[in-house]
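Novice: This structure is in structure tokens; I'll ask about it shortly.
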Amino acid sequence: MHIWTVANQKGGVGKTTTTVAMGGLLADAGQKTLLIDLDPQGSMTSYFGYDPDELEHSAFDLFVRDGPLTVGSVRELLLPTSHDNLRLLPASTALATLDRRNAGRSGLGLVILRALQLMQLDYRYALIDTPPQLGICMVNALAACELLLIPVQTEFLALKGLERMLHTLDMVGHSLRHGVKHLIVPTMFDRRTRVSEQVCAHLRKQYPGQLWRSHIPVDTVLRRASKEGRTPSQLDASARSVLAYRVLLGVVEPAYPFGMAPLAAEQPHV
4 MHIWTVANQK GGVGKTTTTV AMGGLLADAG QKTLLIDLDP QGSMTSYFGY DPDELEHSAF
64 DLFVRDGPLT VGSVRELLLP TSHDNLRLLP ASTALATLDR RNAGRSGLGL VILRALQLMQ
124 LDYRYALIDT PPQLGICMVN ALAACELLLI PVQTEFLALK GLERMLHTLD MVGHSLRHGV
184 KHLIVPTMFD RRTRVSEQVC AHLRKQYPGQ LWRSHIPVDT VLRRASKEGR TPSQLDASAR
244 SVLAYRVLLG VVEPAYPFGM APLAAEQPHV
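Given below as structure tokens:
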């Protein structure tokens, strides 16, 4: 199983959209994919039509369960989505209480990794959406993943969130005693504004070895897909944002079967 986490310590940068769009493209390609919502706000859970305030079972159950996890205990938490190849481990607002109720308790940093290890025969990919602050959920998402995608809205206010995220990544990597491979993904790029161009230029200068050299454009298809509870590629496979996510997927997963160029250097620069 390949496990990817999508994270940034700033909200509104496109984390949930990126998680759903990438997961949807993998599912389109016939890959059984698990989406995991670890954000107490439950944006991805709401995306697919579930209410994080009303769910009886959610990812929260994994952290408070008595006794060992089993394949069956994880499977019973999963919900269907708009795509046959996508399943959702939903969030509930109770996730917000984890840090307070477990203060001083050790051993909670690998809960998600252990749950996913039980799911290895069920899913080829797992993609994790995260809250915008450091805590048990974020630590679990970083400890579990082999690749971290960091969406950064192409506005100057988003750069502080990126700095905090990279600092957190250093801290968690030190604790794990290994680094986490990561890629910065410019999002919400609007070529009509000078700000988007300026932010991308700043990112190229400051993070040349960590940056995807293209971008995800502003696109109403992404908003419409969220409103309808479908993946962007289900709504419009030829939309410019979907094509951009295809290119990104070809960079992070060279085995992606749509024939996109696997080398970042071959992608259009911003």
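This note's numbering numbers the first residue of the sequence shown as 4 and each following residue consecutively.
Ideal placement from N, C-alpha and C gives every residue a C-beta, glycine not left out.
Note that the structure is a prediction, hence the values are computed from the model and not measured.
In its own chain, which residues sit with a C-beta less than 7 Å from the C-beta of Leu-81, not counting the 5 before and 5 after it?
Specialist: Arg-90, Leu-91, Leu-92
Novice: With DSSP collapsed to three states, give me the class of Tyr-210.
Specialist: coil
Novice: Which residue comes first and which comes last in the beta strand (DSSP E) that contains Val-114?
Specialist: Looking at the DSSP string, Val-114 is not in any beta strand (DSSP E); the run it does join, the alpha helix (DSSP H), is 114-121.
Novice: Taking all protein chains shown into account, decide if Ala-268 is buried (16 or more other Cβ within 10 angstroms of its Cβ) or exposed.
Specialist: Here the model assigns Ala-268 a pLDDT of 33, short of 50, so the residue's position is not dependable and the matter cannot be decided.
Novice: To the nearest angstrom, how far is the alpha carbon of Trp-7 from that of Thr-196?
Specialist: 31 Å
Novice: What residue does the alpha helix (DSSP H) around Tyr-50 start on, and which one ends it?
Specialist: It spans 46-50 - the alpha helix (DSSP H) in which Tyr-50 sits, taken as one unbroken run.
Novice: Where does Asn-11 sit, in a helix, a strand or coil, going by DSSP?
Specialist: coil
Novice: Counting only the same chain and skipping the five closest in sequence on each side, list residues whose C-beta sits under 6 Å from that of Gln-34.
Specialist: For Gln-34, where only same-chain residues beyond five positions count, the Cβ hits under 6 Å are Arg-127, Tyr-128.
Novice: Using beta-carbon positions only, say whether Val-188 and Leu-119 come within less than 9 Å of one another.
Specialist: no
Novice: My output table needs one value for His-60: the three-state DSSP class, helix, strand or coil.
Specialist: His-60 sits in coil when the DSSP states are folded into three classes, being neither helix nor strand.
Novice: Leaving aside the five residues before and after Cys-148 along the sequence, list all residues of the same chain whose C-beta is less than 7 Å from its C-beta, in chain order.
Specialist: Here the set comprises Ile-6, Trp-7, Thr-8, Ile-131, Val-183.
Novice: In terms of residues, what are the limits of the alpha helix (DSSP H) holding Thr-3?
Specialist: Residue numbering for the chain in the displayed model covers 4 to 273; residue 3 lies beyond these limits and cannot be assessed.
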